[in-house]
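Asks: Provided herewith is a single structure, encoded as structure tokens, for subsequent inquiry.
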Amino acid sequence: MQIKRTLQALGLSVILPVASGLASADSIVVQSTTSTKNSGLYDYILPKAEQSTGVTINVVAVGTGQAIKNAERCDGDVLLVHAKPSEEKFVAAGFGVERSDLMYNDFVIVGPSSDPAGVNGSSNVSEALSTIASASALFASRGDDSGTHKAELRLWQAAGTDPSEASGSWYRETGSGMGATLNAAVGMGAYAMTDRATWTKFGNKGDFEIHVEGDERLFNQYGVILVNAEKCPSVNSEAGQKFIDWLLSDEGQDTIASYRVQGNQLFFPNAN
Numbered sequence: 179m180q181i182k183r184t185l186q187a188l189g190l191s192v193i194l195p196v197a198s199g200l201a202s203a204d205s206i207v208v209q210s211t212t213s214t215k216n217s218g219l220y221d222y223i224l225p226k227a228e229q230s231t232g233v234t235i236n237v238v239a240v241g242t243g244q245a246i247k248n249a250e251r252c253d254g255d256v257l258l259v260h261a262k263p264s265e266e267k268f269v270a271a272g273f274g275v276e277r278s279d280l281m282y283n284d285f286v287i288v289g290p291s292s293d294p295a296g297v298n299g300s301s302n303v304s305e306a307l308s309t310i311a312s313a314s315a316l317f318a319s320r321g322d323d324s325g326t327h328k329a330e331l332r333l334w335q336a337a338g339t340d341p342s343e344a345s346g347s348w349y350r351e352t353g354s355g356m357g358a359t360l361n362a363a364v365g366m367g368a369y370a371m372t373d374r375a376t377w378t379k380f381g382n383k384g385d386f387e388i389h390v391e392g393d394e395r396l397f398n399q400y401g402v403i404l405v406n407a408e409k410c411p412s413v414n415s416e417a418g419q420k421f422i423d424w425l426l427s428d429e430g431q432d433t434i435a436s437y438r439v440q441g442n443q444l445f446f447p448n449a450n
């Protein structure tokens, strides 16, 4: 039973039920990144998806790395995350049937308005990160193997900096989700990298603002994958594929595009 499988991950997961009938044969578990939940996207699109497909959709929202591990343990039917190399590895290992691009947005670097490293207005993320490191300005990292954390580490590497050497000094790894990391960053006056959707929805900004944006390397792609029943016989393939087909359909893509917060479109559909 899928809900039983999901309950086994409760120590690390947050279940987001959107309708009754959790034990239905047409019920699925989606292992998901947190940004799609924190941004409010699921609250907006899932009722429409359920009405169109007849599938009850239950979301386990964790960091991308944990979501992939959960799916590899057969604790889910669909994987929706944002770390393409890891997603492709998941499929290549036989855990996923096929990966499809779903939507995108971007990452930004936020920080206090005082901007202690002087990076405000930069569109070169490598230069900005190098400047933050040179200034030993506080930087709060998720440090949790999430899609955001994976992207952040790639950007530090491109900047020629190994922030782990400064772990515990100016580089602070929270080991937490995006919302908790942003709260920590605001509390300590530290820079942080976040997806724009979570930042837009985030309610505890204080005097923080976006300092770095617009670099093409901050592109943030989301993908969706059906978990492979050959690896995980308990997968509800039919219902899971119905949900994926809806997400990739004109109706699903239009619904994603129509979600806005404070007048801002947070996700841009690009199904392939």
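Numbering (our numbering), first residue to last: 179 to 450. For glycine and all other residues, C-beta sits at the position ideal for the given N, C-alpha and C. All values derive from a computational prediction rather than experimental measurement.
Compute the beta-carbon to beta-carbon distance between A315 and T352, rounded to the nearest angstrom, for a pair I have assumed lies under 8 Å.
Replies: Your numbering for residue 315 matches position 137 in the sequence shown. Your numbering for residue 352 matches position 174 in the sequence shown. Actually they do not touch by this definition, with Cβ atoms about 16 Å apart.
Asks: Near D279, what residues of its chain come up, given a Cβ to Cβ distance below 7 Å and the 5 sequence neighbours on each side ignored?
Replies: The residue labelled residue 279 in the question sits at position 101 within the sequence shown. Excluding sequence neighbours, D279 sits near Q399, G401, N448, A449 and N450.
Asks: For F446, which of helix, strand or coil comes out of DSSP?
Replies: The residue labelled residue 446 in the question sits at position 268 within the sequence shown. If DSSP states are grouped into helix, strand and coil, F446 belongs with the strands.
Asks: Helix or strand or just coil, what does DSSP make of N398?
Replies: Sequence index remark: in the sequence shown, residue 398 carries index 220 (1-based). Strand at N398.
Asks: State the Cα-Cα distance for the pair A435 and S324, rounded to the nearest angstrom.
Replies: One-based indexing of the sequence shown puts residue 435 at position 257. One-based indexing of the sequence shown puts residue 324 at position 146. Going from the Cα of A435 to the Cα of S324 covers about 24 Å.
Asks: Rounded to the nearest angstrom, what separates N414 and K383 at their Cα positions?
Replies: Mapped onto the sequence shown, residue 414 falls at position 236. Mapped onto the sequence shown, residue 383 falls at position 205. Spanning the two alpha carbons is a distance of roughly 40 Å.
Asks: Can you check DSSP and say which residues form a bridge with F386?
Replies: Within the sequence shown, residue 386 is the residue found at index 208, counting from 1. In DSSP, F386 forms a bridge with P290.
Asks: Where I287 and S427 are concerned, what is the direct C-alpha to C-alpha distance, given to the nearest angstrom?
Replies: Reading the sequence shown from its first residue, position 109 is the one you call residue 287. Reading the sequence shown from its first residue, position 249 is the one you call residue 427. So the two alpha carbons sit approximately 32 Å from each other.
Asks: Does the region 390-397 come close enough to the region 228-237 to have 3 or more Cβ pairs within less than 8 Å?
Replies: Counting Cβ pairs under 8 Å, fewer than three are found: no touch.
Asks: Three-state secondary structure (DSSP) at A239?
Replies: Start at 1 with the first residue of the sequence shown, and residue 239 comes out as number 61. A239: strand per DSSP, three-state reduction.
Asks: Among residues of its own chain, excluding the 5 on either side of M366, which ones have a beta-carbon nearer than 8 Å to its beta-carbon?
Replies: Looking up residue 366 in the sequence shown gives position 188. Closer than 8 Å at the Cβ level, and outside the excluded window around M366, lie L316, A318 and R350.
Asks: Take F397 as the anchor and find which of A375, D253, N406 and I246 has the nearest alpha-carbon.
Replies: Position 219 of the sequence shown, counted from the start, is the residue given in the question as residue 397. Checked all of A375, D253, N406 and I246; the closest Cα to F397 is A375.
Asks: Name the DSSP bridge partner or partners of I403?
Replies: Looking up residue 403 in the sequence shown gives position 225. Paired residue(s): L257 and R277.
Asks: Under 8 Å Cβ to Cβ from G199, same chain only, skipping five residues before and after it: list those, please.
Replies: Here residue 199 corresponds to residue number 21 of the sequence shown, with the count starting at 1. Residue placement at G199 cannot be trusted, given a pLDDT of 38 that sits under 50; the coordinates are not used to answer.
Asks: Which term fits S354, buried or exposed, when burial requires 16 or more other beta carbons within 10 angstroms of its beta carbon?
Replies: Along the sequence shown, one-based indexing puts residue 354 at 176. Buried, because 16 or more other Cβ atoms sit within 10 Å of the Cβ of S354.
Asks: Let me confirm a value: S213 is counted as buried when at least 16 other C-beta atoms fall within 10 Å, else exposed. Which label applies?
Replies: Walking along the sequence shown from the start, residue 213 turns up at place 35. Looking at its Cβ environment, which holds 16 or more other Cβ atoms inside 10 Å, S213 is buried.
Asks: What do you reckon, are the CB atoms on V259 and S210 nearer than 8 Å?
Replies: The residue you call residue 259 lines up with position 81 of the sequence shown. The residue you call residue 210 lines up with position 32 of the sequence shown. Cβ atoms of V259 and S210: closer than 8 Å.
Asks: Which of helix, strand or coil does DSSP assign to Y437?
Replies: For this step, residue 437 is matched to residue 259 along the sequence shown. Coil at Y437, not helix or strand.
Asks: Are the beta-carbon atoms belonging to T339 and L307 less than 8 Å from one another?
Replies: Within the sequence shown, the letter at position 161 stands for residue 339. Within the sequence shown, the letter at position 129 stands for residue 307. Yes; because the gap between Cβ atoms is below 8 Å, this pair is in contact.
Asks: Under a three-way DSSP split, which group does F268 fall into?
Replies: Against the sequence shown, residue 268 aligns to sequence position 90. Residue state, collapsed to three classes: helix.
Asks: Excluding the five sequence neighbours on either side, which residues of its own chain have a C-beta within less than 6 Å of the C-beta of A131, listed in chain order?
Replies: The first residue shown for the chain is 179 and the last is 450, placing residue 131 beyond what the model contains.
Asks: Suppose the cutoff is 6 Å on Cβ atoms and the five residues either side in sequence are ignored; what does the same chain contact list for A311 look like?
Replies: On the sequence shown, position 133 is the one that residue 311 refers to. Around A311: T339.
Asks: Buried or exposed, going by whether 16 or more other CB atoms sit within 10 Å of the CB of G430?
Replies: By one-based count along the sequence shown, residue 430 stands at place 252. When all chains shown are included, G430 counts as buried.
Asks: Would V275 pass as a contact of N442 if the rule is Cβ separation under 8 Å?
Replies: Position 97 of the sequence shown, counting from 1, holds the residue named residue 275. Position 264 of the sequence shown, counting from 1, holds the residue named residue 442. In this structure, N442 does not lie closer than 8 Å to V275 by Cβ.
Asks: Return the CA-CA distance between D432 and V364, expressed in angstroms with no decimal places.
Replies: Within the sequence shown, residue 432 is the residue found at index 254, counting from 1. Within the sequence shown, residue 364 is the residue found at index 186, counting from 1. Distance between the alpha carbons of D432 and V364 is about 34 Å.
Asks: In angstroms, rounded to a whole number, what distance separates the CA positions of V303 and D221?
Replies: For the purposes of this step, residue 303 is taken as the residue at position 125 of the sequence shown. For the purposes of this step, residue 221 is taken as the residue at position 43 of the sequence shown. Cα to Cα, the separation comes out at about 32 Å.
Asks: Give the C-beta separation of F285 and M356 to the nearest angstrom, bearing in mind that I take them to be a contact with Cβ-Cβ under 8 Å.
Replies: The residue labelled residue 285 in the question sits at position 107 within the sequence shown. The residue labelled residue 356 in the question sits at position 178 within the sequence shown. F285 to M356, Cβ: 11 Å. No contact.
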